[in-house]
Every structure is written in C-alpha cells, then in structure tokens.
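Residue numbers (the working numbering), protein chains in the order written: chain V, 1 to 578; chain S, 1001 to 1578.
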C-alpha cells in the first residue's frame, strides 16, 4: 500500500521534471545550451519493441571502466540485441575536468558525479553493473576475472568471473610517478574524486595546523608551502585555483597566516603548458609570476620525503631540498598493472601502452576493444603497406601507375592513412595527385618513385593526447560501430583493405579536436580553439563556464554545478574540514 | 598589486551580498524568517570603540568545543574586554538535527556546517581558534592541555597548553555503548558529520555488494538487512529516512534488490519515542509497521559480531542472533573520558555526568562553567536549605512565620527553587502562601510545619534532556552573563542567597521548552509543542522544514539546505559512492 503510494508520488515528481528541464534550458548558459540539448535525447523508444520478443542468445558486451570512454560508449549504445555488463570500481561517472575545482570547494564533489545506474536505467536493454575491479583478462576462455573493492563486512566470495563476447577495455590510466622515491607515500594525486577531497581536507588541515600556538615561524612557513609538480593543464589549473582559494577565502578567515603562504609550481621542462600555443604559455607564466606564485621551470623532482621535496635544477645542476606542507603530483599518466599483464599475455611486450588499430580494436585480438587513456591507436604506416597500395592501384598489373588508376583508390588511401592529408596540408599541396606529380614530374610512376613521393608522409603521425575529449569521442564512435555492426557487416563502409580483400566494415576513428581550456585563476582562462585560435581572459572564463556546463553528463549534474558556481559567487568557498 | 585587486573584488562581492541577503529573506520560509532575522543581527559596532584603547590585561575565556553550546555561547558573546580562545577538534559547527538527513543524501554534509572562523571573524574582539583536542584540564594552574588531532605530515610538537581565567566546557558527549561487546568495532554511530557520511557510503556499499553475481540469496538478504538500535528520535528518524531512500530512490536504481531489503528497529523499552506523547508513539509505531519496517520492542542487544547482532528478547527471555549488513547504534550518550578525569580531579567521583549549579558553574570550581551534553544542572533541593530559608524569612527571629514575613522572600524562593512552581501547578494550588495554609490551616507556622508543607516539592526536580535546544539556550544564557558580568557584580539581579548573604549576581538558567520534532518519513513529521500540543502529518513536515530552515546558523547554510531540499524534490537523492 504505502510503497505504492510512494511510487505514485515519485512518478508525479518525475513527470513534473519535464517542465523543469525546459526551465533549465532557459537558465542554462546560452552557448552550451544547444550542445547540451543534443546530448540529452537518447532514442529511448525506437528499440523497445525489437527488444521484447527475442529469445536467441544475445551477444554479451563487457565494459571495463566507467570513465569518459566507458560512459560515453554506454550512453551511445542503442542496439537492443546486446547484453551489457559493466565492471568498474566506481559506481559513478566523474566529470574530471572539474576536479581541480573540487579541490578548493568551488564545486562540490557530488555535483560532478553521475551514478552509472542513473544512465543504465534509461536503457531499453539489459545492462548489469558490478562494482568491482577487473584484475585479469583471460582471452583464451573469453572471461574477465573480477573482485569486489569493498573491504568492510560484506562476506561471501569477493571474486567472480564474467564471460564476454566482446570486451571493451576503458580502464583509464594511473598517475605516473616515474618511479621517483616517496611520491606514492607522500604526495597527492589528482585523478579521482577521492583525491580531490583529500587535497581539500589537507589544505584546511595545513591552515589549522599553522594556527596552533606552538609552531615555530619556520615550521609555519613549511606547513603553508604548497608544491605542485607538473606544469600541464591540471597542475596549472590546480595551482591557480589554490591561489584563488587562499587569496579570496582563506586570507579572510586566517588573516595572520596570509604572509606565510607560498605556492610553488615545479616543471621539468622549459615552460608550463607546453602543449599549448606559446602566447598562452607566456600569458600564464606572466600571470603566475605577477600573482606571486613561485614558478620553477627546469626542475626535476628526484625524491620526496615526509617533509621535503628534493629537486635537481637543470640550469645549475644543483640538488635542492624544499620543505613543504603539501605536494600535489600531476605529471602525466602511466599504464595500470592489469593492462600491463594483458599486454604481456597478447604479446605486446615492448610497448608502454596498449596498442589498438584505427578501429580501436586491440592488436592481436579479435573481439577486444580498448579506448581512452589505457590505449593508443597504432596508426598504420604508409611505408609498411606501400607495395600493397601500389598493387591495388595498379589494376592491370602494368607495374606503372597513371593518374586514372589512382582516382579509384585516392579516397581509400586518404581515409586509411590520415597522415597523408596532414602531410598535404603542411606541404601546401593541393591534392594527392599533385604530390605524386611534384615528386616525379611525370604522369606515370613505378613503385620506387611512388615510395619516394610518400617517404615523408609517415613523419606526420602523432599520438592522440590523453584527454577526456579523445576518450569521449572514442566511446561514442565505438558505440556507433556496435549499433551498426550487422548493417556494416553486409554493407561495409570503410576504406579498401589494401593488404587483404574487400573493405573494412567501418570508417576508422577520426579525432576531431574541439579546443582545449587552461583556467588560470582570477576568473581568467586561456583557450586554444581549432584553427590555432587563441583566446585569453575573462570572456574566455565565461566560455569555459558555458562549455563545461553544457558538457556535463546529465541535467542533474548541470543544475548542481551551476548552482555551486552561484553559491561560490555569493558565499565564497567553504573552509570547514568536511 | 594583484593581491590587492583580488581583495578589492572580494570586498565588492561582499558588499553586494547585503542585497542578496534581503532577497533571501523573501525566499525563506515565512514562519522561520523572523526568528532567523533576529539571530542574524550581532551587535557588531557597539563595542568597537571600547575595545580600541584598552591596554590592561584582558580576561581570557577559553571555550572547549564548537557544538551547540559552545557556538551559541560564542555567538552571544559581545563583551569587547574579553580575550577568547576556542579549542575544538572540529573547525566547524554542525547543525546536528539534520544529521539523519545527511545519511541518505537528502541534505549535503557541507550544507549543515558553518566554519567557526566565519563566526569568529564577525566578532569585534580577539578570538583565537585552535583545531585541537583538550585532553586534560589543570584547575590548579588554570591551564588546559591540548593536542592536535591531525595525523599527517605537519611536524612540530603536537601538544600545547592554554591558560584561562574562565573556562567554558562544552565538549558534548560520546555515544553510549553500555559496554556492549562489539559495538565500537562493528556498528555506526550517528553523532558526527563523518559518521553520517560513513553511513551513507555503507548503505550504497551494501547495495553494490548485493548486486555482485556470486552472492547467495541468503547472503544477499543479510547484506541488505539494516538494523537501527535505539528507538529515540535520532534512531527513529534515521530508520524513516533510510526507508524513504530505499523506496523512493534505490528501488529504481536496483530494481532486482528491492525485495531483499529489510530495516529493523530494535528498542529495549516497550515503546519507541518514549519521551513523546503516547499519541505520537502510537502513530509512529503504526506507520512503521504499515511501511514494512520490522519494529522489535523489548529487545536488548547483548553482543555484536562482524555479521550478526545478538539480542535478548524480554518477552520470551530468548537469545536471538540476527544477521545484518549494517548496524546504526543510537542509544543515548555517555561521558567523555577527559570529562571523567576532570570530575575525579574536582571530587565529583560518584556521579556519571559533570554537575553544575543553576548558573552553569561547575560545582566546586570558581571559574569553570559547563554546558550542553557534557554537564547536568544539579538543582538545589529546598529540603537542603529549609532551615536557611526559614531563618531568612523570619527576620525578627521569633521562630514563627507569618504571611507578611513571606511576602518579601516569596519571589526569591520561587526563583531559586523552580520545583516549587512546578509543584504548585501540579497540585493546582494558587500560590505559595496557599500551599502553606493548606498544610497547616493556620496563619503562623514553625520550622517543622514549614518543612512538612514543602516536603513533596523536591520530587518535582527533573534533569534537562540532552538536546540541541537545551545546549543552545545554555550557551546564550552564559554569554549574556559574561556580557553583563561587571554590571551584575554591582547590581546583582539574582535571588537571595539563602545560605549566605546578599544576592546572586544573575538569575538562574531557566530552560524554555519550544517543542520537539520526530520526523517519521514519507513527508510526515510528529511534533510535540509546548502545552502538550501534538501535531502529526504532512503539515507538520512543513512546520519542520520552516523551523529547521530558520534555526540554521547562517544565511549561507540556510540557503544551502533549502536548495538541497529543492534538489532532492527535483532530482531525488544521489546514490554514487562519494
């Protein structure tokens, strides 16, 4: 009885949400609003009927991980004939670009997470979620071995196995310590929600400790010395946010301590934000120096002890010991042990990261895909396939190629080897034919001349950056492939198989760079947008707000984050040790 | 330069808040709005000048604790000639009545805490806050010994001492386990913010664990069995909130598990909510049974192991073992070890709780006050002082008292011994004189007859309940005494000192009961208001919302809690393990 009443009420509330959503569209930031709306229309009903009657064995897709790649894959998946099981130690998706904001309370941790089950229950097909960690992938028996990550009183066997037909590895990466001694023991990473929460607590702890009466001046300085290692976007954003937090909020609450605070940013290279345009780097470095942040470039960390961080200065060759209160380590990513094991198992022994082909399929495995930070696409080189390409083009087996011969395969070549396109653009050559002509000056060319013309092309190959944007695009690409697998099996749409016969089923994954932000604190942000367009300042901060608001995974998180920003503007950031 | 700019901006934001505050008054719930506004006007300026020039040694007031009593004392304190130092392991005040709401995510932990330094910085006089724990009170040297509660890399000596002129002990209590084995190791308390957060995480953990594929039916039932020990307001509210969380939110996300969930409430007595009116108890018990909560009264917990809780049923005398997934222990409070030590030191050895006089001064100590849950008021008995009272009234030393003799001291007697007033009310006697007349039927009476007339009065004495309301009223009472200490030294306003000479400086503390709520879940609340007025149902839930919103400590927390309630109505409670 009562349960029913609850349900009735709950569904009333649910229906009334539709209107609220519409309201939120209006309050949402203009630019992002449209993008957001497009995200939020999963085709819920289209496959409902189809799913109803099936009694044949469904293909089982096992997804490892609920980060950007895994969640984006899951959200895109629509094929009702699939049986999906997700295994992840986290029962939520976290909007990681806002992690630095969580460290200082600009945004609440809970506002940037979305329970996976909230996403799952919108699906019209079977999805199971298991909160567990995969510790072994058994490709022979098509099984993954998992164990629960909970330690407290739950009893029963903690381990279980899951069979798969297709395996999607999206486990992300771990922080890279470069085996520097003491890093794991004494520093904070900034990869998980829990890390951000711990950092926040530690910052307040440092201020409280420094407020105690028995602390010497020297100790007080040490305790309030915050060190950030790594001048990438995360490290820079964290340092900037911390500076804002100290200046705007903590200085008011701990007025006596303001003069003791130092924030140091250590970067091993010559510049911070070195993946960005030089103008951004310059602006950021100038701003940090103006703000009083201690920026040390060319500084390699060699060791971390409980109270000191030791560096080697490249300029002088000297070893320096810096006393600190808190260190945040943000120097890039490394491969997880379970992925390393898997790589050994499948013979990828000499690589640092799991390699996939351009369709995100793990090299050497038929039914295993890998995406996001745990994998990298091993782009096929033109030079490896040069003979096959020549043969495919030379239909009549004359040993000579004419312009006409090419016309049929040109699209396949540029599709299959995107480095060709980049090379053309860089060389400012109109098209592929022109490139061959430039190389030879003749209409016909043999294999040696063909090789020569394309010899420089492969130098244009670049690994994709380990960003949320790449992972999210890979996730929806792969979901799209799964959705259309039967269709594409029959009508392949990919490029020619130059070394085999027929065509690839799908077009290869192609990353579309939409730009990157580097928040610099003080309501200023730098952005590098496609076409090398650079934008820095307060207006970019608002662009940042609107893009991030629109990219959040659900209306719930969107409303929460926007209201968090509002709270912060009105009340400042909270400094209680919670 | 840049720092200055930040400051300028910060103060602009601050000024603009005034307007926002006004806006919030409008949006705030009507009934509570007025109360709240009264809370929010500390006399900031009145003492500013007086504080300026003083170079004499200020009296040092040390406050131990930042709970209801300590914070309410601090908020009320206005005397600029005081030097205040607060020592507490928590750098925030927590609005504890909303703790059960935090366990299920109806309200965020951060929304119900206010940093003590936010309160401190509004004061016009010197207030120091130290995040530390007092582990020893040294009355001889007027010192408290403290140590930092932080464990991580902070270095330096963790211990320090603080001198005091006046000491205010407001350390609260700990959960009472009645020395039941296994309680500390295996159950959750619900006293601190961290407790509430842990409970929330454990509930989700249990659901996730129960979702794993290798769990037997029996295990699944065990894991989803939530046991609440103690049928007081906290236990009842938690059980009700948990039931709502499961029915309204988790049942949607874990549809397969709904049938496995059991919530059991164990109460040693015959009824839950036994401090409330019988109608409320009856309603609550009926509602719980209707909702499917397993209510077990007359059930004493004898032992808790990692997977079972053992009880002795009073009705049958049988010992029962109940497998559980999580136990929340909420059976009342006990005295903290440091307070026990202090009691030994000052000779209060045979008591369970620290005793104070009616002015909240610790018995046997001149300059130490204790309030809130850590202390109890030891009301002076009329019978102890009967001879002195008689003597004071019998001005002419005739050994006989007439009605005229009394008129002068009647007010002092009823002021000093409030049990007299309660007795008169219960006996339905018009006034004190009538009581004496009833006893004797004569106009004059001697000491023996006087004793007889008052013999039943002391039976009316009752200890105050250990509630936030009592602690808060004690805090503001004591602050008021401190504020007017010099005035009242000269012009005492308290009752006659019957055993000494002159008058007491202050009127004694008198608790004013404003009513008590017992939220029962499903948007229903019971309230027992002054005058034994009982109100139960949905409308009372709205009363509860408005009273709690108005009682929150700051406009910030008020806005946060109200927006949390709004979030919950719109989006439901969050179920991610954060």
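By construction, the Cβ of each residue, glycine as well, lies at the ideal position given by its N, Cα and C atoms. From a predicted model like this one, the values you see are computed outputs, not experimental measurements.
Query raised in the report: Does the Cβ of residue 1538 of chain S have 16 or more other Cβ atoms within 10 Å, making it buried, or fewer, making it exposed?
Result: exposed
Query raised in the report: When DSSP labels each residue in this structure, what does residue 537 of chain V get in the three-state scheme?
Result: strand
Requested in this report: May I ask you to verify whether the stretch 157-170 of chain V touches the stretch 312-322 of chain V, counting CB pairs closer than 8 Å and requiring at least 3?
Outcome: Cβ pair count under 8 Å is below three, so no.
Report task. Would you identify the three-state DSSP class for residue 319 of chain V, choosing helix, strand or coil? Result -> strand
Query - Other residues of its chain near residue 513 of chain V: CB distance less than 8 Å, five sequence neighbours each side excluded - result: Cβ within range, chain order: 469 and 530.
Query raised in the report: In angstroms, rounded to a whole number, what distance separates the CA positions of residue 1178 of chain S and residue 186 of chain V?
Result: Rounded to whole angstroms, residue 1178 of chain S and residue 186 of chain V show a C-alpha spacing of 40 Å.
Requested in this report: Under 9 Å between beta-carbons, which chain V residues line up against residue 1121 of chain S? List them in chain order, please.
Outcome: Residues of chain V passing the Cβ test: 252, 253 and 255.
Query raised in the report: Checking contacts by CB at 9 Å: is residue 1574 of chain S closer than that to chain V?
Result: yes
**Report entry** Separation of residue 571 of chain V from residue 471 of chain V, as counted between CA atoms
**Finding:** Spanning the two alpha carbons is a distance of roughly 35 Å.
Query raised in the report: Which one of S:1354, S:1269, S:1562 and S:1308 has the shortest CA to CA distance from residue 1314 of chain S?
Result: S:1269
Query raised in the report: Shortest alpha-carbon distance to residue 1484 of chain S belongs to which of S:1547, S:1465, S:1077 and S:1230?
Result: S:1077
Requested in this report: Give the single residue among V:217, V:214, V:215 and V:188 whose Cα lies nearest to the Cα of residue 203 of chain V.
Outcome: V:188
Requested in this report: State yes or no: is the C-beta of residue 230 of chain V within less than 9 Å of the C-beta of residue 316 of chain V?
Outcome: no
Query raised in the report: Below 8 Å, can you find three or more Cβ-Cβ pairs linking the stretch 487-501 of chain V to the stretch 252-262 of chain V?
Result: No, the stretch 487-501 of chain V does not touch the stretch 252-262 of chain V.
Requested in this report: Please name the residue or residues paired with residue 163 of chain V in a DSSP beta bridge.
Outcome: V:143
**Report entry** For residue 1271 of chain S and residue 1328 of chain S, the rounded distance between their alpha carbons
**Finding:** 18 Å
Query raised in the report: Looking at the structure shown, is residue 1543 of chain S part of a helix, part of a strand, or coil, going by DSSP?
Result: helix
Report task. Please check if any C-beta of chain S sits within less than 9 Å of the C-beta of residue 209 of chain V. Result -> yes
**Report entry** Limits of the unbroken alpha helix (DSSP H) element including residue 219 of chain V
**Finding:** 217-223
Query raised in the report: Quick one: any contact between the stretch 232-243 of chain V and the stretch 94-103 of chain V, if contact means 3 or more CB pairs under 8 Å?
Result: yes
Query raised in the report: Hey, is residue 1588 of chain S's beta-carbon within less than 9 Å of any beta-carbon in chain V?
Result: The question about residue 1588 of chain S has no answer, for chain S in this structure spans 1001 to 1578.
**Report entry** Contained alpha helix (DSSP H) runs [length at least 4] in the stretch 472-511 of chain V, N- to C-terminal order
**Finding:** 485-490
Query raised in the report: Within the 9 Å Cβ cut-off, does residue 110 of chain V reach chain S?
Result: yes
Requested in this report: Output the residue ranges of the alpha helix (DSSP H) runs that lie fully inside the stretch 177-254 of chain V and measure 4 residues or longer, sorted by chain position.
Outcome: 183-186, 193-210, 217-223 and 233-244
Query raised in the report: Which runs of the beta strand (DSSP E), 3 residues or longer, sit entirely within the stretch 80-112 of chain V?
Result: 82-88 and 92-94
**Report entry** Cβ of residue 1104 of chain S within 9 Å of any chain V Cβ
**Finding:** No, its Cβ sits nowhere closer than 9 Å to a Cβ of chain V.
Query raised in the report: Given that residue 1459 of chain S touches chain V, what residues does it touch there, using C-beta distances under 8 Å?
Result: Simply none; closest approach about 44 Å.
**Report entry** Positions along the stretch 80-94 of chain V whose CB lies within less than 8 Å of some CB in chain S
**Finding:** Going along the stretch 80-94 of chain V in chain order, one finds 90, 91 and 92 with a Cβ nearer than 8 Å to chain S.
Query raised in the report: Under 9 Å between C-beta atoms, does residue 560 of chain V make it to chain S?
Result: Taking Cβ atoms only, chain S reaches closer than 9 Å to residue 560 of chain V, which makes this a yes.
Report task. For the beta strand (DSSP E) holding residue 1569 of chain S, just list the boundary residues, first then last. Result -> It is not in any beta strand (DSSP E) - residue 1569 of chain S instead sits in the alpha helix (DSSP H) that spans 1555-1571.
Query raised in the report: Taking DSSP as the reference, what is the three-state secondary structure of residue 169 of chain V?
Result: Residue state, collapsed to three classes: strand.
Requested in this report: Between the Cα of residue 1342 of chain S and those of S:1104, S:1143, S:1086 and S:1225, spot the shortest distance and give me the residue it belongs to.
Outcome: S:1143
Query raised in the report: Since residue 62 of chain V is in the alpha helix (DSSP H), which residue starts that stretch and which ends it?
Result: Where residue 62 of chain V is concerned, there is no enclosing alpha helix (DSSP H), although the beta strand (DSSP E) it sits in stretches over 59-64.
Query raised in the report: In chain V, which residues lie less than 8 Å from residue 1579 of chain S when you measure between Cβ atoms?
Result: The structure shown does not extend to residue 1579 of chain S, since chain S spans only 1001 to 1578, so no value can be given for it.
Report task. Could you name the residues that DSSP lists as bridge partners for residue 1134 of chain S? Result -> S:1146
Query raised in the report: With a Cβ-Cβ cutoff of 9 Å, do residue 358 of chain V and residue 508 of chain V count as a contact?
Result: yes
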